[in-house]
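As you go down the protein sequences, you meet chains A and B in turn.
So the mapping is simple: this note's numbering equals the position in the first sequence, first residue as 1, plus 98.
So the mapping is simple: this note's numbering equals the position in the second sequence, first residue as 1, plus 98.
Don't be surprised by glycine CBs; every beta carbon is placed ideally from N, CA and C.
Read the structure below first, then the notes.
Protein chains: 2
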Amino acid sequence: MSKGALTRQAILDHGVEVAYHVGLGGLSIGTLAAGTGMSKSGLFAHFGSKESLQLDVLAHARAEFVETVIRPALAKPRGEPRVRALFEHWLACGRARLPGGCLFVKAATEFDEQAGPVRDQLVRDHRDLYESIAQIFRTGVSEGHFRADADPEQFAADLDGVMLAYYHNNRLLDDPAAETRARNAFEALLSAARA
Amino acid sequence: MSKGALTRQAILDHGVEVAYHVGLGGLSIGTLAAGTGMSKSGLFAHFGSKESLQLDVLAHARAEFVETVIRPALAKPRGEPRVRALFEHWLACGRARLPGGCLFVKAATEFDEQAGPVRDQLVRDHRDLYESIAQIFRTGVSEGHFRADADPEQFAADLDGVMLAYYHNNRLLDDPAAETRARNAFEALLSAARA
DNA sequence: TGACGAAACGAACGATCGTGCTATTCTCCT
DNA sequence: AGGAGAATAGCACGATCGTTCGTTTCGTCA
């Protein structure tokens, strides 16, 4: 990897970490430069605009999320095991406070009322995520683990809700019961899909 | 109401509306002053600091939420009707894009990793909300509408999850099915609490 | 080793940020 | 009607914002 691409990765790593605390909109070229030991202009040259930086940070977080949550789940057997793996890795990503997945949630609420390329990208990402969840759930239907008339899109929304509540309780309230609550809710979802 | 208190209300009304789009952190004295037709310093004098402004905007939004969601629910008969009313008014607040409740959700993800008075207040508010939901649910238990061993705290977290997913789907994705999904999820929660 | 392109820097820009001051205008009570 | 005090405006400050430009350093290959 060339020198430029290397520092670029380092910037994005740090950018995801910072955005995880202050949000995508709270990212500033100056603090990001100071945090990576670069000059403002040196860092800026890698992206050309703040918006482009935000989009790149978002893409970096997305890649991290896919790598640590989606891909490991897809490696599991089709059906319920795969759904369970998806949930567990997602949960672990929140527990370990891996910025990747969390930044996604934060950026979604941050930009849901601010039109522009960042919002557009977030919409695409969110649709992709729902698509992925629904698809994974469908393997459970075709394997006979779940009812044939179960609605995969509904399951995707439900699971998203469970995870969003988990994030709130875990990160804002520091509630130690957050994970147990999420597990309970997830099991309720599964048993409803089975019966 | 005195002149000062009147413009103060007007500022906060507009502040909630603006924060609903750009977040609590995205609020700026300058744009808020321009939006209300005041001078920066004239507006600033009402609050003394930006943080104090944020806290007041938050309090304003909280009052709006209590007035349009919690209080109407408490006017209904104890038990399931009250829980249903809570859900319906909450849903309506999102559908009509009333900034009150939505700002609450947005601010929570915005400040969940930023220590300070705003975060502290948000934690208190969120705990109060969960407390209210759990309390309303408990009236359903004592009325015999719900199982005696149902966990009110778990229900509060579950309902919060349903609403969070609804907000995402409604505001970010503009998904017309969002409300139906939320209703399905809510009914599933209720029937699980009954059986 | 010399040269060339990529990468990083330093300085500066106009704009806006939050926040002080000091005036001026307005409200309200006697 | 007039005076006290609240409410608002005007102006300026240091800091930081995103961005541009010209220059210097670095990495790489002939």
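Item, Value
"Under the three-state DSSP convention, the category A/Lys204 falls into", "helix"
"Contact residues within the segment 106-121 of chain B, judged by C-beta distance below 9 Å to chain A", "Tyr118, His119, Val120 and Gly121"
"Residues of the segment 186-216 of chain A whose Cβ lies closer than 7 Å to any Cβ of chain B, in chain order", "Val203, Lys204, Ala206, Thr207, Glu208, Asp210, Glu211 and Gln212"
"Chain B contacts from the segment 255-266 of chain A (Cβ-Cβ distance under 9 Å)", "Ala255, Asp256, Leu257, Asp258, Gly259, Val260, Met261, Leu262, Ala263, Tyr264, Tyr265 and His266"
"Chain A contacts from the segment 141-168 of chain B (Cβ-Cβ distance under 7 Å)", "none"
"Backbone secondary structure at A/Asp258 - three-state DSSP", "helix"
"Under 7 Å between C-beta atoms of A/Gly121 and B/Leu262", "no"
"Among A/Val221, A/Leu110 and A/Trp188, the one whose alpha carbon lies nearest that of A/Thr207", "A/Val221"
"Cβ-Cβ separation, B/His112 to B/Leu130 (assumed contact under 8 Å), whole Å", "7 Å"
"Simplified DSSP state of A/Gly124, which is helix, strand or coil", "coil"
"Cβ-Cβ distance between A/Asp256 and A/Leu227 below 7 Å", "no"
"Under 8 Å from the C-beta of B/Val239: neighbouring residues of chain A", "The premise fails here: B/Val239 is roughly 17 Å from chain A at the closest Cβ pair, so nothing lies under 8 Å."
"Proximal residues of chain B, C-beta to C-beta of A/Leu270 below 7 Å", "Ala206, Asp210, Leu220, Val221 and His224"
"B/Arg245 versus A/Arg279 - alpha carbon distance", "18 Å"
"Distance CB(B/His243)-CB(B/Gly177) smaller than 7 Å", "yes"
"Chain A contact residues for B/Gly242, given Cβ-Cβ distances below 8 Å", "Here the premise fails: no neighbours, minimum Cβ distance about 22 Å."
"7 Å Cβ shell around A/Lys174 - same chain, five flanking residues per side excluded", "Arg180 and Ala183"
"Any chain A beta carbon closer than 7 Å to B/Arg279", "yes"
"Length at least 4, wholly inside the segment 228-284 of chain B: the alpha helix (DSSP H) runs in chain order", "250-265"
"Unbroken stretches of the alpha helix (DSSP H), 4 residues or longer, contained in the segment 129-191 of chain B", "138-142, 148-163 and 169-172"
"Contact under 7 Å by Cβ, A/Val167 with A/Ala117", "no"
"Which of helix, strand or coil DSSP assigns to B/Glu211", "coil"
"Chain A contact for B/Gln233 (CB, 7 Å cutoff)", "no"
"Own chain, CB closer than 8 Å to A/Gly128, minus 5 neighbours either side, in chain order", "Lys138"
"Within chain A, partners of B/Ala283 - CB distance below 8 Å", "Gln252, Ala255, Asp256 and Gly259"
"Cα-Cα separation between A/Asn268 and B/Asp223, rounded to whole angstroms", "15 Å"
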